[in-house]
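Quick mapping for you: the protein sequence lines, in order, are chains A and B.
Residues in the first sequence are numbered consecutively from 1, following the working numbering.
Residues in the second sequence are numbered consecutively from 1001, following the working numbering.
All C-beta atoms, glycine included, are put in the ideal place defined by N, C-alpha and C.
Because the structure is a prediction, the values reported are computed rather than measured.
2 protein chains.
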Amino acid sequence: MVEIDLDKYRNLERRVGEDWINIHPIQRGGILPSESRKALLEFANGYSTCDYCLEGRVDLVKKPPILDFAEDVAKFLNMDEARFTPGARGAQRTVFEALTEPGDTVVLDSLAHYTSYLAAEANDLNVKEVPHSGYPEFKIRLDEYADKIEEAKSETGELPALILLTHVDYRYGNLTDSKKVSKIAEEYGVPFVLNAAYTSGVMPVDGKELGVDFLIGSGHKSWAASGPVGILATTYEHADETFRTSMIQGSWSGRSFTKKEVYNYGCPPVFGPPIATLMASFPHVVERVERWDEEVEKVRWLVKELEKIEDFHQLGERPRRHTLFSLETPSFHKVSKKRKRRGFFLHEELKERKISGVHPGMTKQIKLNTYGLTKEEIEEVANAFHDIARKYDVKVEE
Amino acid sequence: MVEIDLDKYRNLERRVGEDWINIHPIQRGGILPSESRKALLEFANGYSTCDYCLEGRVDLVKKPPILDFAEDVAKFLNMDEARFTPGARGAQRTVFEALTEPGDTVVLDSLAHYTSYLAAEANDLNVKEVPHSGYPEFKIRLDEYADKIEEAKSETGELPALILLTHVDYRYGNLTDSKKVSKIAEEYGVPFVLNAAYTSGVMPVDGKELGVDFLIGSGHKSWAASGPVGILATTYEHADETFRTSMIQGSWSGRSFTKKEVYNYGCPPVFGPPIATLMASFPHVVERVERWDEEVEKVRWLVKELEKIEDFHQLGERPRRHTLFSLETPSFHKVSKKRKRRGFFLHEELKERKISGVHPGMTKQIKLNTYGLTKEEIEEVANAFHDIARKYDVKVEE
Chain A
1 MVEIDLDKYR
11 NLERRVGEDW
21 INIHPIQRGG
31 ILPSESRKAL
41 LEFANGYSTC
51 DYCLEGRVDL
61 VKKPPILDFA
71 EDVAKFLNMD
81 EARFTPGARG
91 AQRTVFEALT
101 EPGDTVVLDS
111 LAHYTSYLAA
121 EANDLNVKEV
131 PHSGYPEFKI
141 RLDEYADKIE
151 EAKSETGELP
161 ALILLTHVDY
171 RYGNLTDSKK
181 VSKIAEEYGV
191 PFVLNAAYTS
201 GVMPVDGKEL
211 GVDFLIGSGH
221 KSWAASGPVG
231 ILATTYEHAD
241 ETFRTSMIQG
251 SWSGRSFTKK
261 EVYNYGCPPV
271 FGPPIATLMA
281 SFPHVVERVE
291 RWDEEVEKVR
301 WLVKELEKIE
311 DFHQLGERPR
321 RHTLFSLETP
331 SFHKVSKKRK
341 RRGFFLHEEL
351 KERKISGVHP
361 GMTKQIKLNT
371 YGLTKEEIEE
381 VANAFHDIAR
391 KYDVKVEE
Chain B
1001 MVEIDLDKYR
1011 NLERRVGEDW
1021 INIHPIQRGG
1031 ILPSESRKAL
1041 LEFANGYSTC
1051 DYCLEGRVDL
1061 VKKPPILDFA
1071 EDVAKFLNMD
1081 EARFTPGARG
1091 AQRTVFEALT
1101 EPGDTVVLDS
1111 LAHYTSYLAA
1121 EANDLNVKEV
1131 PHSGYPEFKI
1141 RLDEYADKIE
1151 EAKSETGELP
1161 ALILLTHVDY
1171 RYGNLTDSKK
1181 VSKIAEEYGV
1191 PFVLNAAYTS
1201 GVMPVDGKEL
1211 GVDFLIGSGH
1221 KSWAASGPVG
1231 ILATTYEHAD
1241 ETFRTSMIQG
1251 SWSGRSFTKK
1261 EVYNYGCPPV
1271 FGPPIATLMA
1281 SFPHVVERVE
1291 RWDEEVEKVR
1301 WLVKELEKIE
1311 DFHQLGERPR
1321 RHTLFSLETP
1331 SFHKVSKKRK
1341 RRGFFLHEEL
1351 KERKISGVHP
1361 GMTKQIKLNT
1371 YGLTKEEIEE
1381 VANAFHDIAR
1391 KYDVKVEE
């Protein structure tokens, strides 16, 4: 027998307590409401959603009502069909696999999530980036999608296989105007993918209104699901190609798998907790997107408070239209240089105040997310930053 | 606002009770021990394992000890490197993507899981199947891997890109002799993939001893994890190619992602519950594989008892070397023809006795798994089948 120290895997505990204030940029939209924690235990085992699977695909299971759920998710997003995928990254892979051939070109916004680039790389595609406006707003220059399409056309003789826009980016939390891009996509007849990992599930997102061909969401980022689980919604026009079923036949056995969707693993790896919690959180999600305005109001208040600290400047568009945002914090960076623990001082000061989510070691720029925090919690965050600033002789405007 | 009946998603309940005896063929090895149910709640949120992520990849996280865990899993399997994937299906995709070009040939056993065929189809590969011996044993004719390699060579001028063997198949639960195939693979210099979804995690599996290049496991099938989560282990020889990191560079921004592994989504979608429960169950798994002999003894006893029923015959190799098995049950099929609910009578009779897992509607052949059931529970299963037989005038040998 091999020698392995197994004790370190016993009594695994998260270091961030339940009662802490979590401002982690990617975690706020994925926190499970109590009804989903219940579902998590009810469907704890991986195949617990598959007791009554008759068709061999999780999206067709009737008990629990996953088949209805897939339809309701499509309806909620105002799209025609929806599937579940191994994360938004999985959804991007599925679309890229289905729509492209090696050597094709795709156009991405230059603030796309790294998984968009990797979906291209895994499928041997060429990537053209649409630039952004740079410091301090970093706005994607949406009109230039047309230029990039033209560029691809003149260089390769062919249109790009697809264009992708990130609805709200991971870095500055800028909300892009998808309608502008969908018009360009329509004009050229190029499929348009919107990565709505940071929007659908927290704010109202209407696929038809935005004019998208593919709408991608993230369960663990923004739909209060344990995950990892993604949502891939599309239109009738693209459904057959994207969700094409298997045509392979065993050379000797003749076996075939005609119900299985090729680009989605036959049956996507989302059964058990991911799909159960996504479903259990759905009523909560449908309801909460209607309260988006309140969330925006709260984040704007926090930005104002944080900018009272010397040299703190919010990056990205102003005013905020999303709860995820970046701040440059050069005054804290100066402090870090004089500290033994360097950039970790901020993380540790916040930890002492039971606030988690600021990247350990970061002080030049920090990223936060206020989604779903109460006004009181946000005030606590503001006070914590003010206190820390004062403690290290960084000025705070009164 | 769209109209959606949200009430059906409230209070989701599994129909199979906690106190039932579950003999579902694919569920036995995935049942969470209590320590993992605890971990499930502790790491309920999707990004809960990412609080202290510094490198941007879940397999490199130190708190909780996922980095150590990846190393320990490789050690446990006697392989050099391990990664976590969206199910065993995800692991197959990763290997096929990394090792093949469109148009290549791969060789599979004709009892391979459908996800092996789909991994080939998604990557535009040609599949050659190694035949099995047919009724009643359905043993893969392992020597013929050599013939299929030769066939590919003479038809295409090239060796297959890889050969895959299913360690224990999903249908008959036959245990194959991987060493025979690894010798053939070595002789031809073709990479050898072993799909150990039904073996690693429940019985001892030693990758080096079996001579494999890639060893694939399933967390939710056989490692007592909630999942979906798979395990992909390989040798130093193949690690660089399989886990190659990103080389893409933003055409305008110059962004690059050099830590991210291209074929594994950059950071694989297994964070949160899948990896937390896989890790929490690891001590349990390491310990349980040593008791495999007892499991085999129990299944053999059940087969003997079930074959006392008229015309019940175990399919697949004899005697059993795995706890998953198929039975032909023509006497029950005869009964079903006279019943209003047709084939559902068996499912329903078992349900009344709080036994779940026999596919609803099936009576010609049924599939069961006894893994981890106590002797008493297995006796209950035997008695239930005997009772049902007698109830419908099917003879039971005394």
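Alpha-carbon to alpha-carbon, residue j and residue i
| i | j | result |
| --- | --- | --- |
| V1335 of chain B | G1361 of chain B | 12 Å |
| P1274 of chain B | E1349 of chain B | 34 Å |
| E190 of chain A | L159 of chain A | Looking at the sequence itself, residue 190 of chain A is Val, so the reference to Glu does not match. For V190 of chain A and L159 of chain A, the distance between alpha carbons rounds to 7 Å. |
| L67 of chain A | A382 of chain A | 44 Å |
| H1167 of chain B | N1174 of chain B | 8 Å |
| L1077 of chain B | N1195 of chain B | 13 Å |
| T1242 of chain B | K1183 of chain B | 22 Å |
| K221 of chain A | Y1170 of chain B | 34 Å |
| I1149 of chain B | Y265 of chain A | 26 Å |
| V1212 of chain B | V1095 of chain B | 13 Å |
| K351 of chain A | G1254 of chain B | 35 Å |
| T363 of chain A | K139 of chain A | 23 Å |
| T258 of chain A | R37 of chain A | 36 Å |
| G227 of chain A | C267 of chain A | 16 Å |
| L1324 of chain B | F1385 of chain B | 17 Å |
| G357 of chain A | C1050 of chain B | 10 Å |
| R141 of chain A | T115 of chain A | 21 Å |
| K298 of chain A | E81 of chain A | 34 Å |
| E121 of chain A | E398 of chain A | 50 Å |
| L1012 of chain B | K62 of chain A | 12 Å |
| K1179 of chain B | K1337 of chain B | 45 Å |
| L1118 of chain B | G1103 of chain B | 14 Å |
| A332 of chain A | V130 of chain A | This sequence places Phe at residue 332 of chain A; Ala is not what is there. Those two C-alpha atoms are separated by around 33 Å. |
| L54 of chain A | A152 of chain A | 46 Å |
| D59 of chain A | R83 of chain A | 7 Å |
Where residue i falls: helix, strand or coil (DSSP)
| i | result |
| --- | --- |
| L1399 of chain B | Residue 1399 of chain B is absent from the model: chain B starts at 1001 and stops at 1398. |
| D68 of chain A | helix |
| S1281 of chain B | coil |
| T1176 of chain B | coil |
| I1378 of chain B | helix |
| F192 of chain A | strand |
| E1261 of chain B | strand |
| I1004 of chain B | coil |
| T156 of chain A | helix |
| W301 of chain A | helix |
| C50 of chain A | helix |
| W1223 of chain B | coil |
Residue-chain proximity (residue i, chain D), Cβ-Cβ < 7 Å
| i | result |
| --- | --- |
| T115 of chain A | This model lacks chain D altogether; the protein chains it does include are A and B. |
Identity of the residues DSSP links to residue i by a beta bridge
| i | result |
| --- | --- |
| L1368 of chain B | B:F1325 |
| E129 of chain A | A:L108 |
| S1256 of chain B | B:Q1249 |
| T1085 of chain B | B:G1230 |
| M203 of chain A | A:S200 |
| N1022 of chain B | B:S1356 |
| G217 of chain A | A:I231 |
| L1164 of chain B | B:L1108 and B:V1193 |
| G1266 of chain B | B:E1261 |
| I1140 of chain B | B:H1132 |
| V396 of chain A | A:I309 |
task: Please name the residues in the stretch 315-344 of chain A whose beta-carbon is closer than 9 Å to at least one beta-carbon of chain B, in chain order.
output: none
- prompt: For the 8 Å Cβ check, are there 3 or more pairs between the stretch 218-237 of chain A and the stretch 15-22 of chain A?
  reply: no
- prompt: Do three or more CB pairs link the stretch 1189-1208 of chain B to the stretch 1243-1258 of chain B at distances below 8 Å?
  reply: no
message: Along the stretch 277-299 of chain A, where does the CB come closer than 7 Å to a CB of chain B? Name the residues.
response: M279, A280, F282, P283 and V286
message: For the stretch 1174-1188 of chain B, list every residue whose C-beta sits within 8 Å of some C-beta in chain A, in sequence order.
response: none
- request: Determine contact between the stretch 1027-1043 of chain B and the stretch 1266-1286 of chain B, defined as no fewer than three beta-carbon pairs at a distance below 8 Å.
  value: yes
message: I'd like to know if the stretch 1372-1379 of chain B and the stretch 1338-1348 of chain B are in contact, where contact means that at least 3 CB-CB pairs between them fall below 8 Å.
response: no
Inter-stretch contact (C-beta, 8 Å, three-pair minimum) for the stretch 1303-1314 of chain B and the stretch 45-59 of chain A: no
query: Between the stretch 1128-1159 of chain B and chain A, which residues of the former have CB atoms less than 7 Å from a CB of the latter, in chain order?
result: K1128, E1129 and P1131
task: Evaluate contact between the stretch 1109-1124 of chain B and the stretch 1283-1292 of chain B, counting only Cβ atoms and requiring at least three cross-stretch pairs below 8 Å.
output: no
query: According to a CB-to-CB cut-off of less than 8 Å, which residues of the stretch 1213-1228 of chain B neighbour chain A?
result: G1219, H1220, K1221, A1225, S1226, G1227 and P1228
- request: Report the residues of the stretch 8-19 of chain A with a CB closer than 8 Å to any CB of chain B, ordered along the chain.
  value: K8, Y9, R10, N11, L12, E13, R14, R15 and V16
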